[in-house]
Amino acid sequence: MTTDRDFDRIAQAWLAGGPDELPDRVIDAAVDQIHLTRQRRAVRMPWRLPGMITPTRVAGAAVIGVLVLGGTLLLIGRLGGQPAVGGAPSPTAPASAGASQSTGVASPSAPSMPALTETFTSPRYGYSVRYLAGWTTQPATKPWTTGIDTLYRDPALDAIGGDEALLAVASAPLKAGQSPEEWLAPYCRSGSSGAACGRAISIGDATGYVAEDGSSAEGGTVATGGVIFDAAVVSGGRGYVFILDGHVSRALFEAILKTVTLDPAAAHE
Amino acid sequence: MSDAMTEDRVQRALVDLARRGDEEAFADLARAVGDRLMAIAYRILRDADRAEDAVQQTLVTAWRELPTLRDDDRFDAWLRRIVVHACYAEARRRRAWAANVRVLPVDGPEGRDDFASVIDRDRLERGFRRLSPEQSAIFVLHHYVGLTLAEIADELGVPLGTVKSRLHYATDALRAALDADARTATTPTERLA
Chain A
1 MTTDRDFDRI
11 AQAWLAGGPD
21 ELPDRVIDAA
31 VDQIHLTRQR
41 RAVRMPWRLP
51 GMITPTRVAG
61 AAVIGVLVLG
71 GTLLLIGRLG
81 GQPAVGGAPS
91 PTAPASAGAS
101 QSTGVASPSA
111 PSMPALTETF
121 TSPRYGYSVR
131 YLAGWTTQPA
141 TKPWTTGIDT
151 LYRDPALDAI
161 GGDEALLAVA
171 SAPLKAGQSP
181 EEWLAPYCRS
191 GSSGAACGRA
201 ISIGDATGYV
211 AEDGSSAEGG
221 TVATGGVIFD
231 AAVVSGGRGY
241 VFILDGHVSR
251 ALFEAILKTV
261 TLDPAAAHE
Chain B
1001 MSDAMTEDRV
1011 QRALVDLARR
1021 GDEEAFADLA
1031 RAVGDRLMAI
1041 AYRILRDADR
1051 AEDAVQQTLV
1061 TAWRELPTLR
1071 DDDRFDAWLR
1081 RIVVHACYAE
1091 ARRRRAWAAN
1101 VRVLPVDGPE
1111 GRDDFASVID
1121 RDRLERGFRR
1131 LSPEQSAIFV
1141 LHHYVGLTLA
1151 EIADELGVPL
1161 GTVKSRLHYA
1171 TDALRAALDA
1181 DARTATTPTE
1191 RLA
């Protein structure tokens, strides 16, 4: 009979044997592969392409965006008005969008939906949102800089979540003379849906648009095998981006967005 | 400043550059962590070729997902989680043929030691191959990497109770392999049949 002590010593000695060096060819093969592998961007930005921050290109992007988004972006003119409930359907809304999606709110009877019992009020960005008990919050400590990709650990993000999920929120004032369409168009275009915003969704008292709608996080870091949702909205002269990543569902994303209260006048940076 | 602190600072700098898309920095980072990943992958999979495949996949996944790493202090744990999952995938991908044709070689150098005889190693090798990838990974993370059960639960994102039960099962199975093989005269070939 092998004693505990003997077993541990035998097992550890056995585990100590074996190759401990990775051949260079494996590194070389991996490096070759990453040339063809796009990094996953943590938080996509309006004006994510550096060259697009010049006024000329922003204006160009706005024109293109308006043309591409067409009737969809006409709805944005109502920002600050009624939510999208019952509004004209977005021409880019997926055909599979059900009733709860087209109204931009989560079904109140969504199965196994945990209660959003906690409230986070952003000290910087002028909004509040409810979240799951057990999640932790980390408010942003610096302004959000547009024109570059923002990483999850960036202190410009309000970060709310746990080990298996992260709600990241960023906000910035629109530039002088910039319209909501100009702010939203490049953001929407950078989404996986391609050239146009996704479905409309109510966020606070405004109409936002979904860019990522459950795309695979491909082994992501927030939670392996997770998915990502995000939506952007403009209200009171500020743009907001909400991203939910991890082991999450569309129902949870929509339920969270439904609790958002936008108060851009309270933002201070 | 100690070498370990210097290495840590260098690794942090490489992580920061790589997450911003610097491929050269990532290549340097891969060289810095490659041996550690190989050591873990080999011990889980018990096959050098499969371990190399798992590490290569780990590096590609790490490159793709690095921008979303939230805490630099968690880089090593984050990477271990990726390599363990790559080993799961590799083990399952090869399971069908491996179950039929595996000859159970004792890979790697057979250094002399006081506690693990060639016979013991052979018995452990055979017992280990009967474990699930999840059980193997926890056994390796605990006995080779030296993580506590709580650390394993945290890294792999599974409940502590699950970690305990998997380690308990793995330990019992390997202990049984050692003891049972000692009591019987069956050959490896007969036991595989």
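Those protein sequence lines, which keep their order, are chains A and B.
Using the numbering used here, read the first sequence as starting at 1 and increasing by one per residue.
Using the numbering used here, read the second sequence as starting at 1001 and increasing by one per residue.
Don't be surprised by glycine CBs; every beta carbon is placed ideally from N, CA and C.
Query	Result
Where the beta strand (DSSP E) containing Gly246(A) begins and where it ends	238 to 246
Closer than 9 Å at the beta carbon, the chain B residues around Arg40(A)	Arg1064, Glu1065, Leu1066, Pro1067, Thr1068
Beta-carbon proximity of Thr1061(B) to Ile1082(B), cut-off 8 Å	yes
Contact residues within the segment 1163 to 1177 of chain B, judged by C-beta distance below 8 Å to chain A	Thr1171, Leu1174, Arg1175
Neighbouring residues, chain B, relative to Phe7(A) (Cβ below 8 Å)	Thr1171, Leu1174, Arg1175, Leu1178
With 16 other Cβ atoms within 10 Å as the buried cut-off, status of Thr119(A)	exposed
Partners in chain B for Asp152(A), counting only beta-carbon separations shorter than 7 Å	Inspection of the sequence shows that residue 152(A) is occupied by Tyr rather than by Asp. By Cβ distance, chain B contributes Thr1068, Arg1070.
C-beta neighbour in chain B for Glu164(A), strict 8 Å	yes
Alpha carbon of Glu1134(B) to alpha carbon of Arg153(A), nearest angstrom	30 Å
Three or more C-beta pairs below 8 Å linking the segment 1020 to 1037 of chain B and the segment 21 to 30 of chain A	yes
Limits of the unbroken beta strand (DSSP E) element including Val210(A)	206 to 216
Check whether Ser235(A) and Gly204(A) have beta carbons under 8 Å apart	yes
Supposed contact pair Leu1124(B) and Ala1091(B) - C-beta distance, whole angstroms, cut 8 Å	Going by Cβ atoms, the distance from Ala1091(B) to Leu1124(B) rounds to 17 Å, so no, they are not a contact pair.
DSSP three-state assignment for Glu1023(B), whether helix, strand or coil	helix
Gln39(A), enclosing beta strand (DSSP E) - first and last residue	Gln39(A) -> no beta strand (DSSP E), and no H or E assigned at all.
Spatial distance of Val169(A) from Gln33(A) (CA atoms)	32 Å
Beta-carbon contacts of Thr141(A) that lie in its chain and below 7 Å, excluding the five residues immediately before and after	Pro155
Pairwise C-alpha distance: Asp1022(B) and His35(A)	11 Å
Short-range partners of chain E found in the segment 232 to 247 of chain A, where Cβ spacing is below 8 Å	In summary, chain E is missing from the structure at hand, where the protein chains are A and B.
Chain B contact residues for Leu15(A), given Cβ-Cβ distances below 8 Å	Arg1043, Val1140, His1143, Tyr1144
Proximal chain B residues relative to Ala255(A), where beta-carbon distance stays under 7 Å	Within 7 Å Cβ-Cβ: nothing; Ala255(A) doesn't reach chain B, min ~23 Å.
Whole-angstrom C-beta distance between Leu1149(B) and Leu1160(B), which should lie under 8 Å	6 Å
Straight-line gap, Glu1065(B) to Gln39(A) (C-alpha atoms, nearest Å)	6 Å
Close beta carbons around Ser1136(B), own chain, < 6 Å, minus the five adjacent residues each side	Ile1044
Whether Leu174(A) touches Gly239(A) by CB criterion (8 Å)	yes
Per-residue contacts from His35(A) into chain B (C-beta, under 9 Å)	Glu1023
Contact under 8 Å by Cβ, Trp1063(B) with Phe1026(B)	yes
As assigned by DSSP and simplified to three states, the class of Arg1130(B)	coil
CB contact check: Ala1098(B) to chain A, cutoff 8 Å	Annotation note: pLDDT 41 at Ala1098(B) (below 50); position unreliable, no value reported.
Helix, strand or coil at Asp20(A) [DSSP, three-state]	coil
C-beta contact flag for Ser128(A) and Thr117(A) at 8 Å	no
Closest residue to Tyr209(A) among Glu269(A), Arg9(A), Leu257(A) (Cα-Cα distance)	Leu257(A)
Proximity to Leu1141(B) [Cα-Cα], best of Gly1127(B), Val1163(B), Arg1129(B)	Val1163(B)
C-beta atoms of Ala1173(B) and Leu1131(B) nearer than 8 Å	yes
Nonlocal neighbours in the same chain, by C-beta distance under 6 Å from Val1103(B), ignoring five residues either side	Reliability fails at Val1103(B), whose pLDDT of 34 lies under 50, so the model's placement of it is uncertain and no value is given.
8 Å Cβ cutoff met for Ile27(A) and Arg1031(B)	yes
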